[in-house]
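See below for the structure under consideration.
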Amino acid sequence: MSKGRNYQSTKYREHLRILRKLNDEGPPDSEADDNERFVHAQCARYLSNILCAGVSLDKNAVKLLAWIVGNDISSLFDCLKKIGGAKAEKKINEILEEDLIEDADDFAGAVMRVAQVCSASARHKLQKTCVALLQEKARNFLEDSAACIGKNIQSLKATFNATDREVDLCLFVFINETFNEADGYFNDILRCLRFEGRKYLRWALGLTQADLDAIINCNLRKAGMIEYDSQCFSISGELSNILGNDSPDFVIKEFCELKPGNTVNLKHHIITPQQTCHILSLLGKKPDKSTHILLYGPPGTGKTSFAQGIAARLDLPAYEIRRPDDSNSTSCRRAALIACYNLTCAGERGSLIIVDEADTILNTEKGGFFFFGKSSVESRDKAWLNYYMDQPGARVIWIVNDASDIDPSVMRRFAFSAYFSNFNRTQRVVLWNTVLERRGAARLLNEQQVASLASQYSVSAGVIDLAVEKAAEIAPAQAEGFYSAVCMGIEAHTKLVAGGHTPARREKTEKAYSLKGLNINGDLQGLMSHVEAYDSYLKDPDSDLNVCMNILFYGPPGTGKSELARYIAEHLGRELMVRRASDLISKWVGESEQNIAKVFAEAGQSGAVLVIDEADSFIFSRDTAVRSWETMQVNEFLTQMERFRGILICTTNRMTGIDEASIRRFSRKIEFNFLTPQGAEIFYIKLCAPLTAWPLDKKSRERLRGTLDLAPGDFKTVRDRYCLFKPDTINHQMLVGALEEEAVMKTANTGKKIIGFTAQGKEKTV
Numbered sequence: 029m030s031k032g033r034n035y036q037s038t039k040y041r042e043h044l045r046i047l048r049k050l051n052d053e054g055p056p057d058s059e060a061d062d063n064e065r066f067v068h069a070q071c072a073r074y075l076s077n078i079l080c081a082g083v084s085l086d087k088n089a090v091k092l093l094a095w096i097v098g099n100d101i102s103s104l105f106d107c108l109k110k111i112g113g114a115k116a117e118k119k120i121n122e123i124l125e126e127d128l129i130e131d132a133d134d135f136a137g138a139v140m141r142v143a144q145v146c147s148a149s150a151r152h153k154l155q156k157t158c159v160a161l162l163q164e165k166a167r168n169f170l171e172d173s174a175a176c177i178g179k180n181i182q183s184l185k186a187t188f189n190a191t192d193r194e195v196d197l198c199l200f201v202f203i204n205e206t207f208n209e210a211d212g213y214f215n216d217i218l219r220c221l222r223f224e225g226r227k228y229l230r231w232a233l234g235l236t237q238a239d240l241d242a243i244i245n246c247n248l249r250k251a252g253m254i255e256y257d258s259q260c261f262s263i264s265g266e267l268s269n270i271l272g273n274d275s276p277d278f279v280i281k282e283f284c285e286l287k288p289g290n291t292v293n294l295k296h297h298i299i300t301p302q303q304t305c306h307i308l309s310l311l312g313k314k315p316d317k318s319t320h321i322l323l324y325g326p327p328g329t330g331k332t333s334f335a336q337g338i339a340a341r342l343d344l345p346a347y348e349i350r351r352p353d354d355s356n357s358t359s360c361r362r363a364a365l366i367a368c369y370n371l372t373c374a375g376e377r378g379s380l381i382i383v384d385e386a387d388t389i390l391n392t393e394k395g396g397f398f399f400f401g402k403s404s405v406e407s408r409d410k411a412w413l414n415y416y417m418d419q420p421g422a423r424v425i426w427i428v429n430d431a432s433d434i435d436p437s438v439m440r441r442f443a444f445s446a447y448f449s450n451f452n453r454t455q456r457v458v459l460w461n462t463v464l465e466r467r468g469a470a471r472l473l474n475e476q477q478v479a480s481l482a483s484q485y486s487v488s489a490g491v492i493d494l495a496v497e498k499a500a501e502i503a504p505a506q507a508e509g510f511y512s513a514v515c516m517g518i519e520a521h522t523k524l525v526a527g528g529h530t531p532a533r534r535e536k537t538e539k540a541y542s543l544k545g546l547n548i549n550g551d552l553q554g555l556m557s558h559v560e561a562y563d564s565y566l567k568d569p570d571s572d573l574n575v576c577m578n579i580l581f582y583g584p585p586g587t588g589k590s591e592l593a594r595y596i597a598e599h600l601g602r603e604l605m606v607r608r609a610s611d612l613i614s615k616w617v618g619e620s621e622q623n624i625a626k627v628f629a630e631a632g633q634s635g636a637v638l639v640i641d642e643a644d645s646f647i648f649s650r651d652t653a654v655r656s657w658e659t660m661q662v663n664e665f666l667t668q669m670e671r672f673r674g675i676l677i678c679t680t681n682r683m684t685g686i687d688e689a690s691i692r693r694f695s696r697k698i699e700f701n702f703l704t705p706q707g708a709e710i711f712y713i714k715l716c717a718p719l720t721a722w723p724l725d726k727k728s729r730e731r732l733r734g735t736l737d738l739a740p741g742d743f744k745t746v747r748d749r750y751c752l753f754k755p756d757t758i759n760h761q762m763l764v765g766a767l768e769e770e771a772v773m774k775t776a777n778t779g780k781k782i783i784g785f786t787a788q789g790k791e792k793t794v
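Every position in the sequence shown, counted from 1, becomes a number in the numbering used here once 28 is added.
Right under this line is the structure:
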């Protein structure tokens, strides 16, 4: 009898050894690290709470118990023998004889087979024994825990001002999402994270229904760390990363990063000194209430660099909210904002928070599924954003490319906003010089090369900086090689942005262009003096005057209207923005008016000279309109003309039929006519004479001066026709003949026959 018992005892120990070996998902306590032991202890707490709440011990619970307690599981059979009596001992011997225990599932089944032959009282004692075993496991570990998960839980609590109950729920979800053994019981069997298993969740965590309701609306839920979708709890990927990371400062690195203090000097940005001083004053001291600054405008205009420069000037640590891999992950950035505020705004001085590319956060009027005209996502995001922006003591600079979709309730919370327009040519020259100086390459480009680059390429500061940096690496001391490398870098970028196509060259005045020779009916010198004075007025931010500069150029095609507009823009050092009717008129009702308003706003913000080419559709009489939307377009255009603070030039080929209200709004009306004989000779010498190797003979000069209805555009057409031929193959008779053909083509539609000029220079026609 003793021999049989020894055999069965040996067999029993062997089964336990096999059980531990096969239970590879959870190593024995002696081999488990602190994080695994921490998880076991938490699961021990959850399971003991559930068993104490009255849930009966079953096979699944025993399987989880075996994973939690490890080697101590051997005490269950001992307990069953003790409390179950002879029947229990006999069943245990039968099971051991069968030799079928190969894993934790088999062991749990064996325990329940033994329990079934025991009395109800014995099964109750078995459950109490399991509870005691679990509670001892939890108590022994949690009293002296060095687990990183536990420390991360405390960091999470401090980061989001969360309660113990909130972080406990996060930990419970994390364990279930990370460890299959826990998920297999708490979620697959009890459905704790779903609505139908909500009571088991409350029992596991020791919560009341009121506690659970409060968690659903807690800070962690607002921050997107706890997700509650379709009445099912889960946690975000960012929170999983936080809880499972071993780095002590991972929490703050996950959400924000300290920006370096080496920045571009504030004076090199396009923001006025008055605006810069005002922003510095607003952010200079830690406020009792929040202070929010908005920087908006096209990409690459220096908004981020300016924000970092503000922080450097104030000698404040600047934390930039990290952008997730998914740039549309608003919930992640929402969490980062809360975390950064809680972690960095403490202390007497506090810090400055920079939220770059904040469009998806601030533009709450975009996105979401609409129900009766209102987006639930929009309402939720806007409510959260307003709540965050009202937090005391925060100093935040928000950076967006487009502010048009920011809700008015959010807009009014900005203490100040500054628009960053695209750089004009003069500003790009300053930008190039600033970048060259910072990179120690100012000596490698001369003034003319800088001016050419600034005029030819409208690119951002980042593109310029990268091109200069790489060119300096290739040719640090060779001016010619450096310039070539810079040009190649910029050209490659512009081609990349254009989808692999070489972008069209920027509109600029012909090299041979001159005001001399134009046949203009008007005071040209007075016009130039006027636009120069108005340019000075636009540069004076303190001016109280509200003055418009609307100019009308009218006359036949090709007489130099558009070219003079280009000349004015270049003369003033401003960009030229040319729009045609086809750019503004839309097939959708109301969209044309929006396009008109948008182009005026864009020109006003960028300081460009706005040219509306062939503006007939917008300035001619509304009495001739057939449809109501035609009148609406003219009304919108006239309204924008009155409000526009900039230089507007409209061109048209005809003067008859212009709306009286339009005429009144143009402060200058300039008529362009066909060239006089003297003007024709001037343009011929500038554009066509260089194409031939021969001097202009008397006969060709007389033919040229006798040709009517020539315009500057005709000389450019002839030049383009012959410029690729060798000069010794071209003569003046060919060039003048080509000009005569252009004149005949124009007059063919008018029925006017050209005879030439009289001896007095007057036109002679039939």
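C-beta atoms are modelled at their ideal positions from N, C-alpha and C, and glycine is treated no differently. A quick note: this is a predicted structure, and the numbers were derived from the prediction, not measured.
Residue i burial status per 10 Å Cβ neighbour count (16 or more: buried)
i           : result
residue 256 : exposed
residue 3   : A query on residue 3 cannot be resolved here, the shown segment of the chain reaching from 29 to 794 and no further.
residue 669 : buried
residue 547 : buried
residue 463 : buried
residue 383 : buried
residue 751 : exposed
residue 233 : buried
residue 600 : buried
residue 517 : buried
residue 253 : buried
residue 774 : buried
residue 571 : exposed
Residue i - DSSP class collapsed to helix/strand/coil
i           : result
residue 626 : helix
residue 451 : coil
residue 549 : strand
residue 321 : strand
residue 366 : helix
residue 701 : strand
residue 348 : strand
residue 445 : strand
residue 99  : helix
residue 486 : coil
residue 406 : Unreliable positioning characterises residue 406 in this predicted model, as indicated by a pLDDT of 44, which lies under 50. The coordinate reading is nonetheless provided below. Helix at residue 406.
residue 746 : helix
residue 684 : coil
residue 391 : coil
residue 380 : strand
residue 467 : coil
residue 412 : helix
residue 648 : strand
Selected residue, minimal CA-CA separation from residue i, among the options
i           : options               : result
residue 761 : 507, 721, 160 and 248 : 721
residue 456 : 470, 478, 468 and 448 : 478
residue 759 : 728, 522, 266 and 239 : 728
residue 191 : 239, 146 and 160      : 239
residue 687 : 676, 718 and 644      : 644
residue 414 : 562, 648, 674 and 439 : 439
residue 703 : 559, 427 and 712      : 712
residue 109 : 338, 143 and 126      : 143
residue 378 : 366, 345, 390 and 364 : 345
residue 591 : 433, 77 and 678       : 678
Beta carbon proximity, residue i to chain E, threshold 8 Å
i           : result
residue 648 : The chain labelled as chain E is not found in the depicted structure, where only one protein chain is given.
Residue i Cβ short of 7 Å to the ligand ZN heavy atom set
i           : result
residue 660 : This structure simply doesn't include the ligand ZN, nor any ligand for that matter.
Residue i - partner residues in DSSP beta bridges
i           : result
residue 262 : 255
residue 180 : The partner list for residue 180 (beta bridge, DSSP) is empty, contrary to what the question assumes.
residue 711 : Paired residues: none, contrary to the question.
Check: Within the chosen definition, does the segment 413-429 reach the segment 367-386 through at least 3 CB pairs nearer than 8 Å?
Finding: The segment 413-429 vs the segment 367-386: in contact.
Margin query: Three or more C-beta pairs under 8 Å: does that hold for the segment 616-624 against the segment 574-585?
Written below: The answer is no - the segment 574-585 does not touch the segment 616-624, with fewer than three Cβ pairs under 8 Å.
Check: Taking one C-beta from the segment 430-437 and one from the segment 310-320 each time, how about it: are there three or more such pairs within less than 8 Å?
Finding: Too few Cβ pairs lie closer than 8 Å, so no.
Notebook entry, point to check: When the Cβ atoms of the segment 160-170 are set against those of the segment 62-76, are three or more pairs found closer than 8 Å?
Noted result: Yes, since at least three Cβ pairs between the segment 160-170 and the segment 62-76 fall closer than 8 Å, the two stretches touch.
Item checked: Cβ contact (3+ pairs, closer than 8 Å) linking the segment 584-599 and the segment 439-448 -> These segments do not touch.
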